[in-house]
Amino acid sequence: MPTNPKLKDDLTDQLFRSILLLENQEECYQFFEDICTVSELKSLAQRMEVARMLRAGHTYDDIVDKTGASTATISRVKRCLHYGADGYKFMLERLDDQKDQK
Numbered sequence: 001m002p003t004n005p006k007l008k009d010d011l012t013d014q015l016f017r018s019i020l021l022l023e024n025q026e027e028c029y030q031f032f033e034d035i036c037t038v039s040e041l042k043s044l045a046q047r048m049e050v051a052r053m054l055r056a057g058h059t060y061d062d063i064v065d066k067t068g069a070s071t072a073t074i075s076r077v078k079r080c081l082h083y084g085a086d087g088y089k090f091m092l093e094r095l096d097d098q099k100d101q102k
């Protein structure tokens, strides 16, 4: 799916180039600790887990119990999984592939 033109600008390009330059998990922790609040980072991590659980077929109740995510967040993630830019989909596939290689 093509990039949403509303997202694309020089500042966002700079942010994404910065992320692509991170070399390991420790650098990710350092960078994201500086660029995000703890709450923002926890929210991003929670959404990834919600996406993983939805993809694995978990119910909303299971997801709420495990992640503490609101049903609104779960619905938003589900909508992205079905109608979004496939970002969750390819990232979850890559994580699965990485797990299989270990």
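Here full-length UniProt numbering is used: the first residue of the sequence shown is 1, the next is one more, and so on. By construction, the Cβ of each residue, glycine as well, lies at the ideal position given by its N, Cα and C atoms. Model, not experiment: these values are computed from the prediction.
Handout entry: the stretch 73-93 touching the stretch 50-63, judged by at least three CB pairs closer than 8 Å
Key = yes
Handout entry: For Leu-11 and Arg-17, the rounded distance between their alpha carbons
Key = So the two alpha carbons sit approximately 10 Å from each other.
Exercise for the section: In the DSSP assignment, find the unbroken alpha helix (DSSP H) run with Thr-73 in it and report its ends. Expected result: 71-83
Problem - Collapsed DSSP secondary structure at Asp-9 in the structure displayed - result: Correct three-state label for Asp-9: coil.
Practice task
Report whether the distance from the Cβ of Ala-45 to the nearest heavy atom of the ligand NAP is below 7 Å.
Solution key: As for the ligand NAP, it is missing from this structure, which has no ligand bound.
Practice task
Decide if Ile-63 is buried, meaning its Cβ has at least 16 other Cβ atoms within 10 Å, or exposed.
Solution key: buried
Practice task
Only counting runs of 4 or more residues, tell me where the alpha helix (DSSP H) segments fall wholly within the stretch 14-65, in order along the chain.
Solution key: 25-35, 38-55
Problem - Local Cβ density within 10 Å of Ile-19, reported as buried at 16 or more and exposed below that - result: When all chains shown are included, Ile-19 counts as exposed.
Problem - Range of the contiguous alpha helix (DSSP H) that encloses Asp-97 - result: 87-101
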